[in-house]
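Chains as they are written, first to last, in the numbering used here: chain A, 195 to 642; chain B, 134 to 409.
A virtual CB, placed ideally from N, CA and C, is assigned to each residue, including glycine.
Please read the structure below before turning to the comments.
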């Protein structure tokens, strides 16, 4: 095999472009654009939808490029992978230098070349000028080395050096978040469980799977409750759950919206609920002052006791318009169309718009609730949250830890006394730098 | 009533904007102080009206922070804008920049009051009943406010850059350098807050819907905004871009933010649909 001199050069060049900020910039903006497409073009519709809306050619194009499923499409995942590679490459490329700067902060020659920022004069009567200066510098700039060049004393200080690690911590946390997302997609499970009060379930309905996914434990819905706001909409709903292993009850817990519960490696979320009538509805029928009781099973035609009419319970509501439980009934008397209206429990029939001659009042009803639970296991969440937590110190170090280098010199100035010269630089954080410069100058002038 | 209080706030912000405009046009730096005073008084009343609405919601028995529908979000956006300017960027909020922020806050409130949107205090749906609501909304809107100020500075920069004559520093006007730095600083603060907003939203979504990220349009657009500002920061810090190119990126980022806030709510359906 001949060793080609071109090979390392290509490697070097591709490494260089992988570590370039230009690639990062392009990736960020291209990802933004791709994400935008996914919000504008309706996602996850059937092929016919796109044909109807955009024509067959465009629909074919959309399907081939995966534009109907942008966030799962191979090219989108490839872009994210490339971003991760870019982040890793950039960090590998630059971390050694950052660590060197962190460990060997003071290169005197570079410090002495810092631009001059101000001068202060101290009178000749000043005692122990060098140690006074060192004391003040330590107070405002922190400790650091002292250098002597002939009669000149130099104090070198650096601040916020640890800030150079900030960007790498941020990049690491972004990588953790993306990896966590992928771990969740690959090894996570997400399914639904629909339980009627009293029912026990042991398998999940998983989207896109024919067979249910069996759990190694069972869940029983002991009770389901809904609370309502005074004006109607539900304010809270909850499932009282029991977890069973081998038929024995292991744990009892309450699952509410915003308060998921965990068991056996799975998390249970209160997701939806359905209300259905659990049995016959009890109605009180008032016919010209003559009251009788009727039981009507849902969606079944029931003759009224006097034989002059029939009703059917269409549906029920736990709190209609904030007026309490109600059932909607279809009422047929004589010939013609049935009349449909709501009958309330807590309100007298006179208040309703009931046509008569029979007037109804709801005497009692039983609801049967079906609780919809989202059940999931996501081993990636820990990674993602670790990334979230790590982002905060990363941001703090990268953006809010001012990096500053200072060199303060003290020189005897003939009979006039001492001449102090302040040199320094605070790249990227000019406000913080000038603020500290003001404090230092004020303190030193106060001494004079 | 707090709606009357809001009318006063609209007037005060309008006056502040007017005074700032006069200060800029007639080069009267002293007028800026009067503008600042109007802004402070306006912010005080504004805060009072938000607090009032909060207390009112408890009187109605559905107590929650006034951050739950589009009307309330507009009130809070305007509050954040003036608050961020007064608490973080008082020295820069003068002349045209003061005019821009005060007028924008005034317009937001006017739109909230007269835009014909639902102004009632409504009960929260169960999924919104969470302590994350307050943290999530506050971080997002403070971030929006910082980006908006940055947009004002960037727009002013681009406008001034068109004129051949440089702005005299001696006149007290905001110069190119100061505007450029303001764009960068507000972007930093906005980016940090937006990141916090996205993170708190993700943690909340995980506990409410069992999914920290679901490519909901609002989420996706906040990510788009985040990516654009991330690009801006990299261009600035690593590639050393400044001036015009940074200003253009700040404008683009702001437009994405605007779409995240308004566009998504009205044009794209999703989890955040209760805003409308």
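Compare the beta carbon distance of residue i and residue j with 8 Å and say whether it is the shorter of the two.
i, j, result
"residue 396 of chain A", "residue 407 of chain A", "no"
"residue 353 of chain A", "residue 596 of chain A", "yes"
"residue 155 of chain B", "residue 161 of chain B", "yes"
"residue 333 of chain B", "residue 268 of chain B", "yes"
"residue 175 of chain B", "residue 145 of chain B", "yes"
"residue 348 of chain A", "residue 359 of chain A", "no"
"residue 470 of chain A", "residue 394 of chain A", "no"
"residue 601 of chain A", "residue 223 of chain A", "no"
"residue 477 of chain A", "residue 554 of chain A", "yes"
"residue 309 of chain A", "residue 619 of chain A", "yes"
"residue 233 of chain A", "residue 353 of chain B", "yes"
To the nearest angstrom, how far is the alpha carbon of residue i from that of residue j?
i, j, result
"residue 206 of chain B", "residue 475 of chain A", "45 Å"
"residue 424 of chain A", "residue 314 of chain B", "53 Å"
"residue 398 of chain B", "residue 362 of chain B", "21 Å"
"residue 531 of chain A", "residue 479 of chain A", "20 Å"
"residue 411 of chain A", "residue 445 of chain A", "11 Å"
"residue 351 of chain B", "residue 638 of chain A", "54 Å"
"residue 265 of chain A", "residue 322 of chain B", "29 Å"
"residue 338 of chain B", "residue 416 of chain A", "27 Å"
"residue 418 of chain A", "residue 431 of chain A", "7 Å"
"residue 710 of chain A", "residue 215 of chain B", "As displayed, chain A neither begins before 195 nor continues past 642, which places residue 710 of chain A out of reach and without an answer."
"residue 249 of chain B", "residue 142 of chain B", "18 Å"
"residue 604 of chain A", "residue 292 of chain A", "31 Å"
"residue 632 of chain A", "residue 575 of chain A", "47 Å"
"residue 526 of chain A", "residue 505 of chain A", "6 Å"
"residue 269 of chain A", "residue 387 of chain B", "27 Å"
"residue 241 of chain B", "residue 210 of chain B", "8 Å"
"residue 256 of chain A", "residue 247 of chain A", "12 Å"
"residue 251 of chain B", "residue 344 of chain B", "30 Å"
"residue 552 of chain A", "residue 502 of chain A", "9 Å"
What is the residue span of the beta strand (DSSP E) that residue i lies within?
i, result
"residue 247 of chain A", "Counting along the chain, residue 247 of chain A falls outside any beta strand (DSSP E), though it belongs to the alpha helix (DSSP H) covering 241–259."
"residue 416 of chain A", "407–422"
"residue 525 of chain A", "520–526"
"residue 313 of chain A", "310–316"
"residue 364 of chain A", "Per DSSP, residue 364 of chain A belongs to no beta strand (DSSP E); it is in the alpha helix (DSSP H), 360–381."
"residue 485 of chain A", "484–490"
"residue 603 of chain A", "598–606"
Can you say whether residue i is buried or exposed, counting buried as having 16 or more other CB atoms within 10 angstroms of its CB?
i, result
"residue 623 of chain A", "buried"
"residue 629 of chain A", "exposed"
"residue 280 of chain A", "buried"
"residue 577 of chain A", "buried"
"residue 136 of chain B", "exposed"
"residue 296 of chain A", "exposed"
"residue 252 of chain A", "exposed"
"residue 199 of chain B", "buried"
"residue 536 of chain A", "buried"
"residue 548 of chain A", "buried"
"residue 390 of chain B", "buried"
"residue 442 of chain A", "exposed"
"residue 166 of chain B", "exposed"
"residue 538 of chain A", "buried"
"residue 264 of chain B", "exposed"
"residue 233 of chain B", "buried"
Along the chain, where does the alpha helix (DSSP H) that runs through residue i open and close?
i, result
"residue 229 of chain B", "228–247"
"residue 436 of chain A", "Where residue 436 of chain A is concerned, there is no enclosing alpha helix (DSSP H), although the beta strand (DSSP E) it sits in stretches over 428–439."
"residue 461 of chain A", "Note, residue 461 of chain A: premise wrong, no alpha helix (DSSP H); beta strand (DSSP E) at 460–471."
"residue 209 of chain B", "203–221"
"residue 313 of chain B", "309–342"
"residue 568 of chain A", "Not the alpha helix (DSSP H): residue 568 of chain A falls in the beta strand (DSSP E), residues 561–571."
"residue 302 of chain A", "302–306"
"residue 147 of chain B", "135–158"
"residue 271 of chain A", "268–297"
"residue 641 of chain A", "624–641"
Looking only at its own chain, which residues have a Cβ that is under 6 Å from the Cβ of residue i, when we skip the five neighbours before and after it?
i, result
"residue 509 of chain A", "522"
"residue 208 of chain A", "none"
I'd like the list of long-range same chain contacts for residue i, defined as Cβ closer than 8 Å, with 5 residues on each side in sequence excluded.
i, result
"residue 290 of chain B", "309, 312, 313, 316, 376, 377 and 380"
"residue 540 of chain A", "517, 518 and 519"
"residue 328 of chain A", "340 and 349"
Enumerate in chain order the residues of its own chain whose CB-to-CB distance from residue i is below 7 Å, with the five nearest sequence positions on each side excluded.
i, result
"residue 217 of chain A", "211 and 280"
"residue 230 of chain B", "285, 286, 289 and 307"
"residue 398 of chain A", "385, 386, 387, 406, 407, 409 and 569"
"residue 336 of chain A", "351 and 353"
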